[in-house]
Amino acid sequence: MDNKRLDILKDLLVDEECTLEDLRRLVEKSKSFLKIESKSGKIIISPEFPFIVKEKIIIFLIGSYFSKELGLNNDIQITSRYMSEEIDIAQTTLSGPLGDLAKSKIIGIENNSYAIKFYEIEMQLNLLTEKYLFKKKIDTTFTSKKAKSVEKKKTNIKKQTSEYLSQKIIKTFQEESLKNEIVKHNLTLDDLYSVVNIVDNEIILLKGWKGSTNREGHVKAALLFLTINKLIYDLDEINSSELRKSLMNAGVEMRNFSSTLKNYSTYIIHKRGPIGSIKTSYRITSLGFQKGIMLLKDLIENTSNFDLKFRSRITKDISDKISINADELNQNIVSFAKDNGIDEEKLKILFEFQKEGIRICTPIKENTRKSLQIKTLMLLGVLLKKVYYVNKFSGKTLLRDSRTSPDRLDLLNSSKSYMKYFSANKPKSAMQLTYAGEKKALEMLKSYLEGETCQL
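Residue numbers (the UniProt record's numbering): 1 to 456.
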């Protein structure tokens, strides 16, 4: 290579000193957003800022990069499940932002393990710094992207609410006006800011919505958000997608959200447009606003006056209990093999029969998670029924004991094969084979014992 070409290409070369300087700069920029436990390598995301889910993922993956540079957690796979447990956000809530980040080439995935691209680290830290460390303080003015006029004319409320759905009207609320509004409810601005933060004109819930069930969390989160939205912006209605987006950013698990709120229309009304219309909205009623204020005061004053009762949407169906001794189990295996023309020895080699239950010794080879789960559950389910005389069984327990992932098991009931071969609609707690399922499972079992592919 001639010297002129070499001189041009030298600009791409870096030495160790430059690399260390880059690392020092990245660490300095990260200090405000994360810490790493020295012994465990656990990533601690700063609680000082109201990060949205996507930002928490980015910060966690940046921390994981530094952790591995420190020689900590080198063998850990950063799966969505692992991330969910570490940053305490539901796996289903993470899936959307993870997909967006992967599509944007900000993060990559290899061998089911996520990692942030090195060249993206500084860019993402700069964005976080600009948003949370260099943002201008707003002293006395709150601005909403969608609003109505400051004047509170009762005759115009309905008209202005409908305008909210179709126009981008700017509303400015002076802090003095807000103080006057919340003092009516014996609240202060400091009280309000202990529960929410306002970032880029958006309300972010900081606490108070979590419950013992998703159902409880949905109702509390919606009541809190709509109540605070009404206090700050005097709006009792908000676009459906805006509400969902805001609650997701706060970490609320949104599965079955709309279905849950249908049962609480006394407090929150879901207003729908024509079929196919995206102009749907949620409106808090006067009774809902009262309950929201009550919940808000409970959080601030550490009281327990919020009196809404929550029951599980579906009574949990429980799997049948296995009750069999060793002699009965052995006799049942012999009878089952004989009645169905099955090689008893092969059956005992490929399946481990215990008094407590059964498992597959060698997991089925299958490309898709859904097919693998269904086939495994059909084989184990028919043996449970014919050998253990158990009809209902826990799919989650069976898969886990057979070293097969139970991830996203609750989505199985969307599969045509599942609906055809299983009668119970609760894959995690109690599922049951139909007659067609038993018949098909016996065919699959014979194929499996002969080393052939199990066909659904």
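All C-beta atoms in this analysis are idealised placements derived from N, C-alpha and C, irrespective of residue type, glycine included. As the structure is a prediction and not an experimental result, all values here were calculated from the model.
Look up residue 211 in the DSSP assignment and say whether it is helix, strand or coil. DSSP places residue 211 in coil when its eight states are reduced to three.
CB-CB under 6 Å to residue 216, same chain, minus the five flanking residues each way: which ones, in chain order? Closer than 6 Å at the Cβ level, and outside the excluded window around residue 216, lie 310.
Please classify residue 9: does DSSP put it in a helix, a strand, or coil? If DSSP states are grouped into helix, strand and coil, residue 9 belongs with the helices.
Just the Cα atoms here: how many angstroms apart are residue 290 and residue 100? Using only the alpha carbons, I get a separation of about 38 Å.
For residue 197, which residues in the same chain have their Cβ closer than 7 Å to its Cβ, ignoring the five residues on either side in sequence? Only 50, 204, 206 meet the Cβ criterion.
Put residue 354 into one of helix, strand or coil per three-state DSSP. In this structure, residue 354 counts as strand in the three-state DSSP scheme.
Taking all protein chains shown into account, do 16 or more other C-beta atoms lie within 10 angstroms of the C-beta of residue 305, making it buried, or fewer, making it exposed? It counts as exposed.
With distances taken between CB atoms, is the gap from residue 281 to residue 246 smaller than 7 Å? No, these two residues do not count as a Cβ contact at 7 Å.
For residue 32, which of 114, 131, 82 has the nearest alpha-carbon? When 114, 131, 82 are compared, the shortest CA-CA separation from residue 32 is found for 131.
Just list the residues that DSSP pairs residue 469 with in beta bridges. With the chain represented from 1 up to 456, any question about residue 469 goes unanswered, as that position is not in the structure.
Under 7 Å between C-beta atoms of residue 375 and residue 364: Cβ atoms of residue 375 and residue 364: closer than 7 Å.
Sequence-distant residues of the same chain with beta carbon closer than 7 Å to residue 293, five excluded per side: Cβ within range, chain order: 185, 227.
Below 8 Å CB to CB, which residues in the same chain sit around residue 315 once its five sequence neighbours on both sides are set aside? Residue confidence is low: residue 315 scores 46 on pLDDT, short of 50, so the model does not pin down where it sits. Its coordinate-derived value is still stated next. Excluding positions up to five away in sequence, the list is empty.
Kindly indicate which residue of 93, 229, 74, 451 has the alpha-carbon position closest to the one of residue 81. Closest by alpha carbon: 93.
Tell me where the alpha helix (DSSP H) around residue 292 begins and ends. Counting along the chain, the alpha helix (DSSP H) containing residue 292 begins and ends at 286-301.
8 Å CB neighbourhood of residue 367 in its chain, flanking five on each side removed: So no residue of the chain qualifies.
Within its chain, find whatever has a CB closer than 8 Å to the CB of residue 500; leave out the 5 residues flanking it on each side and keep chain order. Shown here, the chain extends from 1 to 456; a query on residue 500 therefore has no answer.
Taking all protein chains shown into account, decide if residue 237 is buried (16 or more other Cβ within 10 angstroms of its Cβ) or exposed. By the 10 Å Cβ count, residue 237 comes out buried.
Take residue 438 as the anchor and find which of 248, 54, 286, 387 has the nearest alpha-carbon. Of the listed residues, the one whose Cα sits closest to residue 438 is 387.
Our contact map puts residue 393 next to residue 320 with C-beta atoms below 8 Å; I'd like the distance itself, whole angstroms only. About 7 Å separates the CB atoms of residue 393 and residue 320; that is less than 8 Å, so the two are in contact.
When 401, 395, 34 are compared against residue 412, the one with the closest alpha-carbon: Restricting attention to 401, 395, 34, the CA atom closest to the CA of residue 412 is found in 395.
Using CA atoms only, rank isn't needed, just tell me which of 39, 406, 90 is closest to residue 67. Taking only the C-alpha atoms, the option nearest residue 67 is 39.
Name the DSSP bridge partner or partners of residue 196? Bridge partners of residue 196 according to DSSP: 205.
Would you tell me roughly how many angstroms separate the C-alpha atoms of residue 223 and residue 421, rounded to the nearest one? Taking the straight line from one Cα to the other gives about 41 Å.
Cβ contact check for the stretch 438-453 and the stretch 369-383: 3 or more pairs under 8 Å: Yes: the two stretches touch, three or more of their Cβ pairs being nearer than 8 Å.
Length of the line joining the Cα atoms of residue 271 and residue 230: One Cα belongs to residue 271, the other to residue 230, and the distance between them is close to 17 Å.
Between the Cα of residue 26 and those of 87, 56, 442, 118, spot the shortest distance and give me the residue it belongs to. Here the closest residue by C-alpha is 118.
In three-state DSSP terms, what is residue 440? In this structure, residue 440 counts as helix in the three-state DSSP scheme.
CB of residue 77 within 7 Å of CB of residue 84, strictly: Going by C-beta atoms, residue 77 is not nearer than 7 Å to residue 84.
Exposed or buried, residue 97, counting other C-beta atoms within 10 Å across all chains shown (16 or more means buried)? Under this definition residue 97 is a buried residue.
Taking the straight line between their C-alpha atoms, what separation do you get for residue 372 and residue 105? Within the model, the alpha-carbon separation for residue 372 versus residue 105 is close to 30 Å.
Determine the extent of the alpha helix (DSSP H) in which residue 337 is found, giving its start and end residues. Start and end: 326-339.
Quick one: Cα of residue 232 to Cα of residue 191, how far? One alpha carbon belongs to residue 232, the other to residue 191, and they sit about 13 Å apart.
Please determine, among 64, 71, 54, the residue with the shortest C-alpha to C-alpha distance to residue 103. Closest option to residue 103, Cα to Cα, is 54.
Contact defined as beta carbons within less than 8 Å: I believe residue 65 pairs with residue 109. What is the distance between those atoms, to the nearest angstrom? That belief does not hold up - the Cβ atoms of residue 65 and residue 109 are roughly 14 Å apart, past 8 Å.
Please classify residue 349 as buried or exposed, where buried requires at least 16 neighbouring CB atoms within 10 angstroms. Per the 10 Å Cβ criterion, exposed.
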